[in-house]
Structure formats: C-alpha cells, structure tokens
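Visitor:
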Amino acid sequence: MPDSIFLLGQGGGNKIFQGGVGYQDDGVAYVSRGRSNRVAPAGVKGEAVFTGVFFSITHTMAVTLKIVPVVDDVALNTLFPDTYPVELVLLAKPERTMERFLLALSIPMRDSAGVDRGKAYPRGCWFQLLVYDGGLAAGDLVYEVDEVEYQIVRQTAQIVPAS
Amino acid sequence: MVGALMADQPRPTISLPWGEGLDRASGLAVVEKSSYADVRNVILYDGKAEVRKGITQVAQLGGSLAGAPFVNGAAIAGATHISIDNNGASTLVGTIQPGDTFVIAGEAGSPVHTVTGGPWMTVGNAIAAMTFTGAIAAGGVADNAAVTFTFTSVQDEVLELEAVRSKNVSVAIGFKRSNLSVNVFKGSSSGQNMAFMGAPYNPKAAVGIPRYFLAESYRKLFMAHEFQLLKPGVDYLRLPTGYIDTDANTIIDLSVDLDGVSGAQKVRFRGVTTYLNYLVGWGYGTFSDEDRPEIVRVSLAGDPLSWDPQHYFIAGQGGQPVQACMAAAQSLVVFKESETYEIVGYDRRTFGIRIIDHLFGLIAPRMAMAVGGVIYFWSLQGPRITGGGGESKDLAVPLDLTAPEPTDLTAPGDPAAAFCRYDPGPRMAKWFWPNEATGVTRVYGLSLRNPTHPKWSYWEYQRRIRCAQVFFPAATIAPPGHPDVGGVTPGSSTALIPWTNTAAIGDEVTEIWLKDTTAGTPYYKADELVYTGVSMSDLVSGLIPTHHYAAALRHRRGLLYNAGAEDTTNPVGWPAGSRTTFIETGAVAAPARFDFEAGLDSFFDAGHKRYIRHIVQWLIPSPITLGWRIYENTANVFAGAAVFTSGKSHDLATDGANSGLVDEVCGDVTPCVSAELVRLQDLASTPYYYWLVEVEGGTYTPGLGLVGGTEGDPKALEENPINYGPI
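Heads up: the protein sequence lines correspond to chains A and B, in order.
If you're matching positions, the first sequence starts at 77 in the numbering used here and goes up one per residue.
If you're matching positions, the second sequence starts at 98 in the numbering used here and goes up one per residue.
1. Measuring straight from C-alpha to C-alpha, what distance separates G95/A and G674/B?
2. Assign S385/B to buried or exposed, taking buried as 16 or more other Cβ atoms, counted over all protein chains shown, within 10 Å of its Cβ.
3. What are the residues of the region 109-135 of chain A that lie near chain B, defined by any Cβ-Cβ distance shorter than 7 angstroms?
4. For E313/B, report the span of its beta strand (DSSP E) as first-last.
5. Please say whether V218/A and I133/A have beta carbons closer to each other than 8 angstroms?
6. CB-CB under 7 angstroms to S638/B, same chain, minus the five flanking residues each way: which ones, in chain order?
7. Three or more C-beta pairs under 8 angstroms: does that hold for the region 513-526 of chain B against the region 472-482 of chain B?
8. Below 8 angstroms, how does it come out for the region 305-317 of chain B and the region 229-236 of chain B: are there three or more Cβ pairs, yes or no?
9. Is the CB of N138/B under 8 angstroms away from at least one CB in chain A?
10. Going by alpha carbons, who is nearest to L113/B out of G210/A, Y106/A and R114/A?
11. Is M633/B a contact residue of the ligand GTP, with contact defined as CB to any heavy atom under 7 angstroms?
12. Could you tell me the alpha carbon to alpha carbon distance between F93/A and I81/A, rounded to whole angstroms?
13. Can you say whether G85/A is buried or exposed, counting buried as having 16 or more other CB atoms within 10 angstroms of its CB?
14. Would you tell me roughly how many angstroms separate the C-alpha atoms of G118/B and I193/B, rounded to the nearest one?
15. For A461/B, which of helix, strand or coil comes out of DSSP?
16. Secondary structure at A225/B, three-state DSSP: helix, strand or coil?
17. Does any C-beta atom of chain A lie closer than 8 angstroms to the C-beta of V261/B?
18. Which residue from T597/B, P595/B and F448/B puts its Cα closest to that of R394/B?
19. So, is K554/B buried or exposed, given that buried needs 16 or more other C-beta atoms within 10 angstroms?
20. In chain order, what residues of the same chain have a beta carbon less than 7 angstroms from the beta carbon of Q559/B, not counting five sequence neighbours either side?
21. Compare the C-alpha of C517/B against each of V468/B, G485/B, T507/B and E533/B and name the closest.
22. Counting only Cβ pairs nearer than 8 angstroms, list the residues of chain A close to G159/B.
23. Mind checking whether T437/B and I453/B have CB atoms under 8 angstroms apart?
24. Does the beta carbon of W528/B sit closer than 8 angstroms to a beta carbon anywhere in chain A?
25. Could you tell me which whole beta strand (DSSP E) segments of length 3 or greater appear in the region 582-660 of chain B?
26. Grab the span of the beta strand (DSSP E) containing D200/A for me, first residue to last.
27. Determine the DSSP secondary structure at L477/B, reduced to helix, strand or coil.
28. List, from N- to C-terminal side, the beta strand (DSSP E) runs of 3 residues or more that fit wholly inside the region 304-389 of chain B.
29. Going by other Cβ atoms of all chains shown within 10 Å of its Cβ, with 16 needed for buried, is V669/B buried or exposed?
30. Helix, strand or coil: how does DSSP classify N276/B here?
31. CA-CA distance, P161/A and M291/B?
32. Mind checking V125/A: buried by the 16 CB within 10 Å criterion, or exposed?
33. With 8 angstroms as the threshold, decide whether the Cβ of I152/B is near any Cβ in chain A.
34. In whole angstroms, what separates the C-alpha of P109/B from that of E225/A?
35. With C-beta atoms as the reference, is K283/B less than 8 angstroms away from T343/B?
36. Could you check whether G196/B and T211/B sit closer than 8 angstroms to each other, using their CB atoms as the reference points?
This is the structure in structure tokens:
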C-alpha cells in the first residue's frame, strides 16, 4: 500500500482515476517512446556506417520494442518498410531482469527472386534512434541505455559535447 | 545513405542513456549526446526511463449500477423503501446516489421514484432498504419486478479534488452541464465512495465550466470560484466563496463585513490558499468596492471565518489581477500575469509586500505548485522556478517551446483549463494541458528525483484530465482498537446505538452495520460517523417496528479496518464486543383514538350519485413515518376484510401541514393522522366496520397488527359504527 495516491479527475466525464495503475489509460493504450538527439560520430560533414544498436532493457513485461534508425533526418522505415522497424521481442519475466541485445541494422539485398545476395548498412552523418513499444502489457519496462555502433567512413573534426 | 560495411574491425559506440530526458534546445553542436529530442510516457531516474503506469477508475461522481436490478421482496402500496438484488442473475455492482430516479416494472401508473439518503452501495449483489420519495403506488410491486434507474446524479465534469486531512476524508467538486450546477461530494480519505453532499451553486452559462481553488483551514474546506470577471454586468459571474463542513455535510457561504458599513455580505474571492495559520483570499475588495482584482486579503490568525477589513495587501497596479498566491518556504508568493510579488513577515506587525520579478508571472491561475518550499510555475514564457526572495529562474530551455514540436505529440489545450500538480510517486512536477477537442491531455513532466538536475519528459494521458490531487489514505496503520457497543435503546423505527472507541487513534470512522433478522435481509451499512470522542452514539432510523435486528460496528482508517472486521459480507465474525442485537418496539402503540369526527360527515354529489364523506383520525405514537391501511368489512369480523384505503403517516415535527393526510381536523389532538373515507351512499345500506392496521414493511399478521382493538372488536368503531342507511 503506497503512502500516497495520485488521483485525477476527468474532464467531460465523472470518473476519478488513480494514477500509477495498469498499463492503459482507462482502457485506452498509450505508447512509450524515445527519439534521441542527433549525433555525428564522424563529425559534422563526416560519414559513418551504422552497424548495430546495443539495447539494455530491464523488464518483467512481455512486449515488442520497435527500433527505427534515423539517418540524416530520414527515418529508414520510410525507405525500407520490410526491414524497419527492427523488432525486439521481450518475453515476460517473473522478476525484473536486465537483458542486453545487439540488433543489427543491416538491410538485406535481394535479387528479383527474393534471395538474399548481401547486406548493406545505413550510412550518413547524423544518426538518431527512434524507439517505441508495440503495445504495453502488464509488468515493468525500463529503458536503460542504447548504444549505437558505428564505423567511420570519412571523418571531420569531432564535435564536442557540452559540459 | 545506405552503404556497405567496410573492414570488419572493432567498432566504437555512442551511448544514449534514456535517463537524461528531453533537451531540444541546446543546439546540435553542444547538445548532450545522451539527451533526447522526444521522450514520452516514462519516468526518468538514475539514467533510466521506466515506462509509466496507466490510470484506472477508482471512483465516480454520481450513481451507476452494473447489472440488472430487481425488487427483492414485494413492496406494498405506500412503502417508501425497497430492497433490490440481482435475482440470482447478473452481478450487481454499483452505487446509487440521492437524486437518482427509478421506475418499477408493473407498478400502477409507472411513477418515478427519487432516491433519498444513501449513497446506497451494493453489498453482495444487493442493496437493502433503499429509501425514496414517491411512495409505491396502489397495488404495490411484486417481488422480482425489474427496476430501471436513471442516474441523474452523474456529473459531466470533475472540477476539483481535495484531501481534507483534518477529517480524513476527501471532497470532490462536480459540475453538471444540463442544469449548470456545481455539486459537492464527500468520500473516503482515498477518494473513494463519493457521496453527494449538496449543490450549492449555479454559475451563469457565460462562465462555462467553472474552476475552483480549494483550501483546507481549521477543519473547513474553503472553495473559491476562479473566474476573473466578477460582475461585468448586472449579474455576478463569479460565484460566492463558500466553505464545506464535512461533518455536518453543509456548504455555507463565507459572509464577512469587509468595509465596516455593509454588514456581513457574501465574499467572492477569485482564489483561496493557506499561509502560516491564515486563510488568504484574493481578487475581491469589499461589498461596496468589489472589483479589486489586485487585492490580497488575510483572515485573522487561526480563524478563517473572521476577517479584519484592514488586513489586506495591494499587489501592484490596480486592475491587474492577481492570478494566484502560494506559500514558499519563507514568504507568500503572489503571482500576477507578468510580474511576481511576495508577502513577507508572519503577522500584522511584520507583514509587507514587495515585487520580486518584474518580467515573469503566471500564465493561468492553477499553473503553480509548491514542492519542498520551492514554487514551480508556468509563465507566459514557459516553466520557471522561484523560492521567493528574488527573480525566478528559467526551466524552459530544454523544452524549446517556440520550436516545432514532435509532429505526433498530442496538442495542448487551452491554458485557462491547464493546471499542475506534484506527483510524489514518480517525484514529478506535472503541468497538465487538457485538450477538449481531442480528449487527450498533454503533460510536461519535470522529474525532481534530483532537484538540482531536473529532467523533462512528455506524458500523454489518453483522457482529458481536469484536476488532480495527492491523497493520503490513512492506510499505513490499521485501526488498533475497535468499537465496543453498549446497550441499544430501540424505538419503533429508530434505535440509539452507543459505543466506546477503544484504543482509538482519533481519526477512525465508525461504520454501523445492521441486519433485519426478522426479514432476513443481508447486513447493510446504516451509517458511519467520524471520530468525535471516546464515547459516541448514533441514532439509526428507517427500522421496522417489532423486527429483530443485529448490529455490528467497526473502525475504518482509509481502506483498512480493525482486526477481525475486514469481511464486509459477514459481520458475524467481527469482534464480539462490536456486535449486539435488539428488537424494535412494537410500538406501533395502539392509537389513542380511532374514530370519526363528529359533525364532519358531509355529503357531496358526483356523477348523479350521492356520496358520504367521513373523516377518520387517529393518534400516532411518535413522529415517525409509518404506512397504514384501513380495512373494511360488512361484518364485525376482521376475517375477510378488504383494504379500503391506505396511506402513509408523516413526520409531524417537520411535515405536519403538507402531507394531505394530516390536517386541522385533528384540532388539539396532535400528533395525529386523518383520512377521508368516502362511500357511495346507496351502496352503504348495511353497516360497515373498519380496522386501522399497521402495515409498515408489508408484513401484516392478522390479529397482531390489528390496532384499535382485536379481531371482532374494532373498539373505536363500536363507539361509532358506520351505518349508511338509505336516505
């Protein structure tokens, strides 16, 4: 039993809600999501190939996370809808468990018969990561940290983060 | 954009921890790599982002009933209470509030009954002895007749919520659009079981949906209508300031003489809050100079009902309204729209007001919140922070409020409806922007887990949220004692139940549960009282004469009950000292008189027939509400007698003149009830005999319920037998 509870009053209705309960808003689903700020690992006007994303998640929830790389302000699911978003399927855990995943960002190159003939990786200057859930469920879900793996193709002066 | 991977070699990574939250404004070259451009519906802490939980309904303002209700036990004509259940079918769960109406299938004339008392909550798929006005029509209603409710008590908006900590209860303010009424409800300390208290105010249509400031001061909850325009024309638009007494269930206008010449008049503050041991109200001058939006008044110390006309402050230029006042650690901060003042000092000798910020104020009255002596507020330029004593500091930079927003972020609503609250669970200051068009609420959340490094995120509630509040259920400690019930003093329809609060903390609520063991009804909660002392008593009413009752009492704090009394469905298992039994007196004491008023017989003609009218009257034993029937027979034998007429006695202490059954013919013999007996003259060629029978509860037992005589001996009628012979 919590020491305090947070209640919310409905506009356009007569309901009083308690916050911090369940995984829907009065029966309506909501989505957790994060979109990182842009980073340029090869520096402004440099180029890098983005090969994968390390994902650290703590969870009990069974949920599918969806990951979309955004390179130079282009969300790659708009260009390659068969490949992106990359889906990370998490199974339910009886207690909070931290797991770490490496998701390849490669794009399969197929011939006209649909046979894989190779793979390519996103390449560009600015990289962002868009992550969202594919439908919440009972349990906990904690986004720990994402790490984008890259390889520099053409480097310019490295930007210096603030502080 | 898409290229082949080059040489296979160890590759570096860039870390993007979620917990830094939003930073949308620092610029690409200097922005923290670890910050995010968009983070939604997460709680930020320790470099992590935990997905927030949802919201779920725990209470409502107004009645509702899930499942199909039926009459549980036939009700006779004139009855004003019924029991309902699910008739063994669907689950029946809900609450019926006073003012809700219902009709019963098969009832003659299909009258609409209006619920009184309550609220009536289902216990075990049933509600026992629900009272109402509009008695059951002639012919009664059958067991298992379907009941159809109309929940007129349902509110259209939840305007405000407040925890009344001194009383360990909660208060909610609702609004009904159909009749423009502001309605007050009282519930448990956890905000549940909201019961209708009253409808004190009806704002003008021009007001729209009202907004309120609530402030608890010295065991009273003050409510001020937050509306800038006081009286732009002939009529007031701003409603009076009132206060709620949750013990007496009353809402009273605050009336004060603020100019020393007008006498006590209604006050119409735009807002109220507490500071030290004062109640503070703003936006109102005096009855003779009302529209003074720059005025801030303080009550006398420790007495929020007493106001000295001279105890006020003028915040800046006249006519520029004070938006809100809020206590910081060392002062009372007074917000106007684009500047900020503070009142320093602690009493009349030391009070003073000064400006502390010339540029920034409050965008809307409900957009400031105090957390740990510091005030977080939303200015015209975005969120800021002040502790008083100087200019406020900017919190808005990471939000980059003037830049394009994430395209799919829900749109914010009107700032006038926006509000803020600190949510202690995620340790987050939240500014809510409910959008009436979309029905969704955007929230700017500021994580204060580390107050020196607050972090922003967006939340999107999928409902339009109009208000929020932190509640403190007295639930961490269950009631350590229990009520020890004493000897009950039964009446004919009431019972005085005394008890002793053993080992009480002092904020317990005592619930009184009753069971009509004669009728076999389930236990129902007859009443509940907040702790007022070691020895308490309660007069429960609506009982049935001669019936046997079981009573069980228990203590409640928040959602917890005293040991052994947790099971609501089976009070038989509650501590023995908390239970007792009693028998209502049968006391439908025989009427002192049951006869016909001499000289009051009269004749009248209708439809070419002549009728005779007799007035019959009888004394009733006490001002109680009882149903009655008069039986007649052509023989002086009750067997075979038929109901001639029926009705309902009334509480003469309060309802003596308007019942239609009680009138002046009783003369000096009060309390009494009278009724007309009208007979077609030519049908009354033989004597008729009449018996007055107590029928409350619908369980007449021949011979037992007969009053005024016994079978074969209608005493009063022996004195004045009716014999309508032919003319």
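From the three backbone atoms N, C-alpha and C, an ideal C-beta is built for every residue, glycine too.
Guide: On the basis of the coordinates in this document:
1. If you take the alpha carbons of G95/A and G674/B, they lie about 39 angstroms apart.
2. exposed
3. R109, G110, R111, S112, N113, R114, V115, P117, V125, T127 and F130
4. Y309 to S314
5. yes
6. S590 and T591
7. yes
8. no
9. yes
10. R114/A
11. The model on display carries no ligand, and the ligand GTP is accordingly not part of it.
12. 10 angstroms
13. buried
14. The C-alpha of G118/B lies about 46 angstroms from the C-alpha of I193/B.
15. coil
16. strand
17. no
18. F448/B
19. Residue 554/B is actually Ser in this sequence, not Lys. Looking at its Cβ environment, which holds 16 or more other Cβ atoms inside 10 Å, S554/B is buried.
20. V537
21. When only C-alpha atoms are compared, the closest one is V468/B.
22. Under a criterion of Cβ atoms nearer than 8 angstroms, the residues of chain A adjacent to G159/B are, in order, N90.
23. yes
24. No Cβ of chain A is located within less than 8 angstroms of the beta carbon of W528/B.
25. Whole beta strand (DSSP E) segments, 3+ residues: 592-599, 606-613, 621-627, 632-637 and 645-654.
26. Sequence check: residue 200/A is Gly here, not Asp. Run containing G200/A: D192 to G200, per the beta strand (DSSP E) assignment.
27. L477/B falls in the coil class under three-state DSSP.
28. 309-314, 317-322, 339-342, 347-350, 368-372 and 375-379
29. exposed
30. Coil at N276/B, not helix or strand.
31. Note on geometry: alpha-carbon atoms of P161/A and M291/B lie some 47 angstroms from one another.
32. Result: buried.
33. yes
34. When only Cα atoms are considered, P109/B and E225/A end up about 6 angstroms apart.
35. yes
36. A contact, by the Cβ cut-off of 8 angstroms.
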